[in-house]
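Inspection log for the structure reproduced underneath, given as structure tokens.
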Amino acid sequence: MHKKKISLTTKILGALVLGAITGIIVFQFPDGVVKNTILINGVFQLVGQVFLRGIMMLVVPLVFISLANGAASMGDIKKLGRVGGKTVAFYLSTTAIAVAIALALGYFIKPGAGLNLTVAKAVKTVVVAKTPVVQTLYEMVPSNPILAMSQGNMLQIIVLAVLTGIGLSLLGKKGQPLIDLLENLNDLIMKLVEIVMTFAPIGVFGLIAKTFATVGFVAMMPLMKYILTIYLGLILISILGYASLLKGFTGLSIRKFYKKFFPVMSVAFSTASSNATVPVNMDVCEKELGVSKGIAAFTIPLGATVNMNGTAIMQGVATFFVAQAYGIPVTISMMLTVVLTSTIASVGTAGVPGASIIMLSMVFQAVGLPLEGIGIIMGVDRLVDMGRTVVNITGDAICTVIIAKQEKELNVDVFNDEKKDLTKSA
Ligand code: ASP
Numbered sequence: 143m144h145k146k147k148i149s150l151t152t153k154i155l156g157a158l159v160l161g162a163i164t165g166i167i168v169f170q171f172p173d174g175v176v177k178n179t180i181l182i183n184g185v186f187q188l189v190g191q192v193f194l195r196g197i198m199m200l201v202v203p204l205v206f207i208s209l210a211n212g213a214a215s216m217g218d219i220k221k222l223g224r225v226g227g228k229t230v231a232f233y234l235s236t237t238a239i240a241v242a243i244a245l246a247l248g249y250f251i252k253p254g255a256g257l258n259l260t261v262a263k264a265v266k267t268v269v270v271a272k273t274p275v276v277q278t279l280y281e282m283v284p285s286n287p288i289l290a291m292s293q294g295n296m297l298q299i300i301v302l303a304v305l306t307g308i309g310l311s312l313l314g315k316k317g318q319p320l321i322d323l324l325e326n327l328n329d330l331i332m333k334l335v336e337i338v339m340t341f342a343p344i345g346v347f348g349l350i351a352k353t354f355a356t357v358g359f360v361a362m363m364p365l366m367k368y369i370l371t372i373y374l375g376l377i378l379i380s381i382l383g384y385a386s387l388l389k390g391f392t393g394l395s396i397r398k399f400y401k402k403f404f405p406v407m408s409v410a411f412s413t414a415s416s417n418a419t420v421p422v423n424m425d426v427c428e429k430e431l432g433v434s435k436g437i438a439a440f441t442i443p444l445g446a447t448v449n450m451n452g453t454a455i456m457q458g459v460a461t462f463f464v465a466q467a468y469g470i471p472v473t474i475s476m477m478l479t480v481v482l483t484s485t486i487a488s489v490g491t492a493g494v495p496g497a498s499i500i501m502l503s504m505v506f507q508a509v510g511l512p513l514e515g516i517g518i519i520m521g522v523d524r525l526v527d528m529g530r531t532v533v534n535i536t537g538d539a540i541c542t543v544i545i546a547k548q549e550k551e552l553n554v555d556v557f558n559d560e561k562k563d564l565t566k567s568a
């Protein structure tokens, strides 16, 4: 009898559900060797970390090689500049819209009203030192390429890769052997992404099971309104915001987009890291959504670093939440300050778990909210982080598809082809 092959998407979905159920069950176990040593820090940790480190391993080589290769094959410096400008404009405006949505929700839902501050235990907060804008700008140029790569500094790697690509295309015939080599290396890394992704269901299971087995459900209860308000914002932007952007700018179907994009979302949800999703995001954008390598190799790593719409939503809601919890009225000028600082703070947030909770201190300082307020939401941040990371990386891909379509770098037939299985070897 012909046995139907289960698609990767279905397997990952199953792993997510199974991981969550297993985690919730293990959470009920009494502390001891079985719960802590064998399960949480044993099996779950092992399979989760093997997968996570497997994809993280590919981020730096993939970004450098495919971007250098993409920039060299684009060959047109003016086009590169135009794509860069459009991408940044798009990223910044969607983030500002996201904060505005969050503020509206915070205003109407009032997530922090009536919160008993003694029930929600405050944790000590870390404060970020502000980096001057000028320094942020010049630090995008790496003074040492090896250091940039070993530290995984995405912006510096992007600058290095784009310059390498431009240099190679200016070399003309002499640069061709190196361009060919980059092309081959790129194929190799994409193959490695596919290999690591076959392990995704097990890895996702481990990561989710560990999170749910350790998350403080008791701490969650007083903050339920806060968590749900953020998730409402995340759903609103994903369904209404992203769908209308995609439809409005390209006429393409959001259903097809999400169907193909699901594995990327699941990696984001289980790892809570935009950086970790870069390889699979690029893979899906190129092979499933039909975006050219030149565009995806640029917009996806850049987006993972600077475009954080989910993070912006969390920061907007958190501002209202803490203000309401402390009984501080939120004025219009405070709201405008939040839109500005949250947009900047989310750009400065690294694509790693929990990064924005630290950047939030910048927003709170700007509007004069008590920094201890951050400590209140810290205990449940992982749950929120998983959702906002999904929205962060989805925003990158939506923008990528739109820009690719405008630049005539999108293969619409590939986008519309629903038969292909995600991230499966050709
Ligand atoms: N975890 C988020 C990301 O990687 C950043 C954050 O909001 O903490 O996109």
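Residue numbering for the sequence shown follows my numbering, starting at 143 and increasing by one per position.
Don't be surprised by glycine CBs; every beta carbon is placed ideally from N, CA and C.
Under the three-pair Cβ rule at 8 Å, the segment 464-479 counts as touching the segment 503-518. For Phe-404, the closest alpha carbon among the candidates Val-422, Thr-392, Thr-353, Ser-415 is that of Val-422. Look at Leu-552 here: in three-state DSSP terms it is strand. Ala-290 and Val-526 have their C-alpha atoms some 30 Å from each other. For Val-522, the secondary structure class from DSSP, reduced to helix, strand or coil, is coil. Taking non-hydrogen atoms of the ligand ASP into account, the C-beta of Ser-498 is found less than 8 Å away from one of them. In this structure, the beta-carbon distance from Thr-151 to Lys-401 falls below 9 Å.
Between Phe-347 and Leu-204, the CB-CB gap reaches or exceeds 9 Å. Under the three-state reduction of DSSP, Val-433 is assigned to strand.
By the 16-neighbour rule on beta-carbons within 10 angstroms, Ser-285 is exposed.
Contact holds between the segment 473-484 and the segment 453-462, because three or more Cβ pairs, one in each stretch, are under 8 Å apart. With a threshold of 8 Å, the Cβ atom of Ala-213 does not count as near the ligand ASP, since no heavy atom of the ligand is closer than that.
Here Gly-537 is near Gly-452, since their CB atoms are less than 9 Å apart. Separation of Thr-483 and Met-528 (C-alpha to C-alpha, rounded to the nearest whole angstrom) is 22 Å. Annotation: Ile-540 to Phe-557 spans about 12 Å, alpha carbon to alpha carbon. The beta carbon of Asp-555 sits closer than 8 Å to those of Gly-432, all from its chain and outside the five residues before and after it, given in chain order.
If you draw a 10 Å sphere on the C-beta of Leu-247, you find 16 or more other C-beta atoms in it, and that means buried.
Remark: the C-beta of Pro-495 is in contact range of the ligand ASP, defined as less than 8 Å to any heavy atom. Annotation: the continuous alpha helix (DSSP H) that includes Lys-333 extends over 318-340.
Not one heavy atom of the ligand ASP lies closer than 8 Å to the C-beta of Gly-294.
Between the segment 337-352 and the segment 212-228, the count of Cβ pairs shorter than 8 Å is below three; the stretches do not touch.
Of the heavy atoms belonging to the ligand ASP, at least one sits nearer than 8 Å to the Cβ of Ile-535. Considering only Val-406, Val-192, Val-185, the residue with the shortest C-alpha distance to Ala-446 is Val-406.
With contact defined as three or more Cβ pairs closer than 8 Å, the segment 171-182 and the segment 322-334 are not in contact.
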